[in-house]
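Participant: Under full-length UniProt numbering, think of the first position of the sequence shown as 1, with each following residue one higher.
Where is the CB? At the ideal position from N, CA and C, for every residue including glycine.
A quick note: this is a predicted structure, and the numbers were derived from the prediction, not measured.
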Amino acid sequence: MTRVPDGFHSVRAHIRRNPRRRSAKRMSGWTIAGLVAGVWLWGQVFGFGESTASTPPADHGPAASTPAGR
1 MTRVPDGFHS VRAHIRRNPR RRSAKRMSGW TIAGLVAGVW LWGQVFGFGE STASTPPADH
61 GPAASTPAGR
């Protein structure tokens, strides 16, 4: 049996690296997708400070192409 170097272990005649200890817990892809969806939904429901009621342009009478005599 061959000697396994430090930081490695043997699995079914293969040498594998030992798992590392994670210093900070990483967020999964589903967690990030959920956060993005939450922010998007918040923007759809409450808005991000935009005015929701836009005033239509004021009608100032007849257009210039209408004849004045009628």
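1. Could you pull the DSSP bridge partners for ILE15 from this structure?
2. Could you give the first and the last residue of the continuous alpha helix (DSSP H) run that contains THR31?
3. Rounding to the nearest angstrom, what Cα-Cα distance links ILE32 and GLY38 in this structure?
4. What residues in its chain sit with their C-beta under 8 Å from that of PHE8, if we drop five residues either side in the sequence?
Facilitator: Taking the geometry as given:
1. Partner(s): SER10.
2. Per DSSP, THR31 belongs to the alpha helix (DSSP H) from 29 to 45.
3. Straight-line spacing of the CA atoms in ILE32 and GLY38 works out to 10 Å.
4. ILE15, ARG16, ARG17, ASN18
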